[in-house]
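All remarks here apply to the structure that follows.
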Amino acid sequence: MATSPKHTYIQFFTVLIALILGIFFIRLAILMIFDQSKAKIYHDPEVAENVVRGTVYDRNGRILAIERPYWGVYLHLNMIDDMNLVSEVIAPYVQMSPSEIQLKAEQYTTYAQIKKEIDDRQVEPLRTTLREHGLQNQVNVEKRVGRTYPAQFHASQTIGFTNREMEGIEGIELTQESYLQPYPEIGKQGTTYGEDVTLTLDMDIQYALDVQLQQIADEFAPDYAMAMILDARNGDILGISSFPWYDINALGSSEAEERRNNAVNHLYEPGSVFKLFSTASILQIGEAKTDEPFLCDGSYTFKAGSSNVTINCSSAHGEVDVETMLAKSCNGAISHWALQTDAEAFYALLGQLGFTGSFDISLPSKAKAFIADPSQWSGRTLPTIAFGQELLVSALHLCAAATALSPSGELLAPHLILSRSSPVTGEKSYQRERTILSQVFDPTVTERVREGMHRATLSGGTGTQAQVEGVNLGVKTGTAQLFNEETGSYEDGTILVSTLAMVPIDSPEYIIYVGAGNPKGASLYGSNVAAPAVAAIVRTLVSQGKLITTDTTIL
1 MATSPKHTYI QFFTVLIALI LGIFFIRLAI LMIFDQSKAK IYHDPEVAEN VVRGTVYDRN
61 GRILAIERPY WGVYLHLNMI DDMNLVSEVI APYVQMSPSE IQLKAEQYTT YAQIKKEIDD
121 RQVEPLRTTL REHGLQNQVN VEKRVGRTYP AQFHASQTIG FTNREMEGIE GIELTQESYL
181 QPYPEIGKQG TTYGEDVTLT LDMDIQYALD VQLQQIADEF APDYAMAMIL DARNGDILGI
241 SSFPWYDINA LGSSEAEERR NNAVNHLYEP GSVFKLFSTA SILQIGEAKT DEPFLCDGSY
301 TFKAGSSNVT INCSSAHGEV DVETMLAKSC NGAISHWALQ TDAEAFYALL GQLGFTGSFD
361 ISLPSKAKAF IADPSQWSGR TLPTIAFGQE LLVSALHLCA AATALSPSGE LLAPHLILSR
421 SSPVTGEKSY QRERTILSQV FDPTVTERVR EGMHRATLSG GTGTQAQVEG VNLGVKTGTA
481 QLFNEETGSY EDGTILVSTL AMVPIDSPEY IIYVGAGNPK GASLYGSNVA APAVAAIVRT
541 LVSQGKLITT DTTIL
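Counting in the UniProt record's numbering, the sequence shown runs without a single skipped number right up to 555 at its last residue.
Printed below as a string of structure tokens:
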């Protein structure tokens with residue numbers, strides 16, 4: 001039978017494909033057998049064996065958080081023949097009785113943690129004892145890595161903490177996670193080191209804040225309290241204190257309210273302390289007739305739509321100019337001048353100070369201040385804001401905004417991170433720089449405001465208890481009724497007392513804020529709760545050599 005053309009065609013292509021495949025496999029064999037130099041061999045990449053988490057320091061090199069090894073004692077329960085013997089042998093080293101050890105072991109099924117950490121000096125003696133009794137395969141003395149916090153409760157809410165896997169959970173430990181704990185390096189053996197983080201905090205100053213909040217807590221039992229110090233020259237946060245607090249090393253016994261950073265995250269109506277910023281804004285806008293003294297008879301009434309609104313003062317202040325208004329905290333005068341000021345311009349300038357936004361200082365939460373848009377204001381909103389109600393701010397907002405009251409009138413960015421650097425080479429990957437956010441006020445405006453703050457410390461002012469002999473400082477006190485959302489009023493007696501200080505007042509170096517929420521007692525004002533704490537902090541700054549005084553008396 002003759003072969004069909006179609007069949008011949010199929011045979012031809014079958015032979016061709018076989019020939020091509022044959023050439024391919026022959027070529028591959030040649031490469032593998034005779035020319036191995038051209039065939040690349042795959043190897044698993046080298047990866048660093050372990051990672052050391054970076055250390056957190058204060059600005060003076062004090063350790064705030066550091067990685068450290070520790071030794072724990074564990075039992076392989078499935079391998080133990082005589083639990084009585086095991087418990088008796090290890091009891092002296094874990095500082096537990098044999099019965100306590102056995103009771104704890106019963107809580108586990110296979111691998112029991114008897115002691116999370118023992119004294120380093122006990123490790124080798126324990127291992128020797130285990131070998132002598134033939135228990136080294138039943139009892140494991142295991143090395144682990146943990147985090148320790150030498151400052152304990154000081155700045156605890158700011159520093160934060162890690163979990164058992166050394167992952168940042170709160171505070172700086174969380175926000176700086178990628179720098180402190182990088183991934184193991186590829187292509188290198190040995191150890192990968194995380195960067196060290198240096199904070200702007202000065203722990204000497206931090207201790208001073210904490211001492212004063214503890215004293216306020218002991219004397220007035222507030223629900224919460226906060227304090228902060230900024231360097232007025234560059235925005236560095238030198239101390240952040242929030243009460244109640246907790247010891248980071250005893251995290252398991254802490255409560256949620258103790259871990260809250262009230263100085264940064266708590267928003268509240270600031271009260272009369274806010275007159276510093278409303279006064280400066282009114283002066284900067286320049287529409288109010290502030291050159292005409294205001295006569296205060298103890299109250300001020302104005303028309304809001306079809307209603308009369310009355311603003312009360314603590315007493316009749318008599319003839320009041322701008323500086324006296326701040327010194328005596330006259331609600332009537334600031335309300336009068338606020339009503340002469342354009343609402344949109346007033347709102348815009350307060351926004352420029354940060355009172356409608358948030359400040360990023362490298363902490364997890366960025367509390368946003370709140371002032372309603374002028375389109376939503378009632379007839380009394382403008383003067384009410386002027387004396388510190390109908391808005392929400394934090395202590396951080398107040399301290400940061402106060403940088404604009406320095407002679408230059410510049411609003412500075414607040415900083416908490418001073419630098420990041422390699423623990424191996426010392427090379428810095430980040431260094432804080434002084435940052436001007438906005439040019440807000442003219443020097444003539446800030447001078448008048450600071451003069452009013454200074455007068456507050458003199459006879460007749462609200463801040464006389466903040467006075468420190470030989471130190472030229474200025475303050476503004478505040479006693480704010482807090483709005484109760486449930487009752488819709490300010491009448492339930494809940495208050496926040498505070499004092500904001502600038503020192504020295506002519507050329508400020510430090511901005512100090514102390515506040516206490518809902519203190520208990522018969523007479524509660526910013527002038528007698530917070531102002532004395534400010535004075536004590538200033539005296540500490542002098543004793544630490546951080547402030548110069550003209551008084552030769554040893555504080």
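Idealized CB from N, CA, C, for every residue including glycine.
Beta-carbon spacing of residue i, residue j below 8 Å
{"i": "Gly452", "j": "Glu323", "result": "yes"}
{"i": "Leu391", "j": "Ile371", "result": "yes"}
{"i": "residue 562", "j": "Ala333", "result": "No information on residue 562 is available, as it lies outside the stretch 1 to 555 that the chain covers here."}
{"i": "Val449", "j": "Thr279", "result": "yes"}
{"i": "Ala386", "j": "Gly354", "result": "no"}
{"i": "Ala105", "j": "Met83", "result": "yes"}
{"i": "Ala536", "j": "Gln212", "result": "yes"}
Close beta carbons around residue i, own chain, < 7 Å, minus the five adjacent residues each side
{"i": "Val529", "result": "Ile216, Phe220, Val497, Ala516, Pro519"}
{"i": "Arg62", "result": "Met203"}
{"i": "Glu269", "result": "Gly388, Gln389, Leu391, Leu392, Ala480, Leu482, Phe483"}
{"i": "Gly146", "result": "Arg68, Tyr70"}
{"i": "Asp44", "result": "For Asp44, the pLDDT reaches just 48, beneath the cut-off of 50, and the residue's location in the model is therefore unreliable, although a value from the coordinates is still provided. So no residue of the chain qualifies."}
{"i": "Thr129", "result": "Val89"}
Other residues of its chain near residue i: CB distance less than 6 Å, five sequence neighbours each side excluded
{"i": "Val47", "result": "Bear in mind that the predicted position of Val47 carries a pLDDT of just 49, short of 50, making it unreliable; the figure below should be weighed with that in mind. Cβ within range, chain order: Pro184, Ile186."}
{"i": "Ala263", "result": "Met226, Met228, Ile240, Ser242, Ala395"}
{"i": "Phe274", "result": "Gly388"}
{"i": "Val424", "result": "Tyr193"}
{"i": "Thr487", "result": "none"}
{"i": "Thr540", "result": "Ala208"}
{"i": "Ser87", "result": "Pro98, Ile101, Gln102"}
{"i": "Pro374", "result": "Ala343, Glu344, Tyr347"}
{"i": "Val514", "result": "Ala227, Thr499, Ala530, Ala533, Val534"}
{"i": "Ser329", "result": "Ser272, Thr462"}
{"i": "Asn312", "result": "Ser299"}
Nearest candidate by alpha-carbon position, reference residue i, set the options
{"i": "Asp210", "options": "Ala533, Tyr93, Lys546", "result": "Ala533"}
{"i": "Glu410", "options": "Pro182, Asn234, Phe359", "result": "Asn234"}
{"i": "Ser523", "options": "Gly493, Pro244, Leu547", "result": "Gly493"}
{"i": "Val51", "options": "Asn60, Tyr179, Met502", "result": "Tyr179"}
{"i": "Leu251", "options": "Thr55, Ala288, Ile169", "result": "Ile169"}
{"i": "Ala456", "options": "Ala531, Val542, Ile495", "result": "Ala531"}
{"i": "Asp297", "options": "Gly190, Glu165, Ala316", "result": "Ala316"}
{"i": "Glu292", "options": "Asn312, His336, Ala327", "result": "His336"}
{"i": "Asp120", "options": "Gly72, Gly134, Glu165, Pro150", "result": "Gly72"}
{"i": "Asp321", "options": "Ser543, Thr148, Gly357, Leu295", "result": "Leu295"}
{"i": "Leu174", "options": "Pro383, Ser365, Ser253", "result": "Ser365"}
Neighbour-count burial assignment, residue i, 16 or more Cβ in a 10 Å radius
{"i": "Thr109", "result": "exposed"}
{"i": "Lys476", "result": "buried"}
{"i": "Val139", "result": "buried"}
{"i": "Thr435", "result": "exposed"}
{"i": "Ile159", "result": "buried"}
{"i": "Thr550", "result": "exposed"}
{"i": "Gln181", "result": "buried"}
{"i": "Ser489", "result": "exposed"}
Close Cβ partners of residue i (< 8 Å) along its chain, the five nearest in sequence each way excluded
{"i": "Arg127", "result": "Gln136, Val141"}
{"i": "Gln352", "result": "Leu411, Ser438, Val440"}
{"i": "Tyr42", "result": "Note that Tyr42 has pLDDT 47, beneath the 50 cutoff, so the model's placement of it is unreliable and the number below is only indicative. Excluding sequence neighbours, Tyr42 sits near nothing in its chain."}
{"i": "Ser37", "result": "Residue confidence is low: Ser37 scores 49 on pLDDT, short of 50, so the model does not pin down where it sits. No coordinate-derived value is stated."}
{"i": "Asn472", "result": "His454, Val503, Pro504, Ile505, Asp506"}
{"i": "Asn308", "result": "Thr301, Phe302"}
{"i": "Gln214", "result": "Phe243"}
Q.
Contact between the stretch 252-270 and the stretch 463-471 is defined here as three or more beta-carbon pairs at a separation below 8 Å; is this criterion met?
A. Because the criterion of three Cβ pairs below 8 Å is not met, the stretch 252-270 and the stretch 463-471 do not touch.
Q. Is the stretch 430-444 in contact with the stretch 276-292, if contact means three or more CB pairs nearer than 8 Å?
A. The answer is yes - the stretch 276-292 touches the stretch 430-444, with three or more Cβ pairs under 8 Å.
Q: Taking 8 Å as the threshold, find out whether the stretch 294-303 comes into contact with the stretch 409-416 through three or more Cβ pairs.
A: The stretch 294-303, when compared against the stretch 409-416, does not touch it at the 8 Å Cβ threshold.
Q: May I ask you to verify whether the stretch 193-213 touches the stretch 417-425, counting CB pairs closer than 8 Å and requiring at least 3?
A: Cβ pair count under 8 Å is three or more, so yes.
Q: Examine the Cβ distances between the stretch 92-99 and the stretch 113-125 and report whether three or more of them are shorter than 8 Å.
A: The stretch 92-99 vs the stretch 113-125: in contact.
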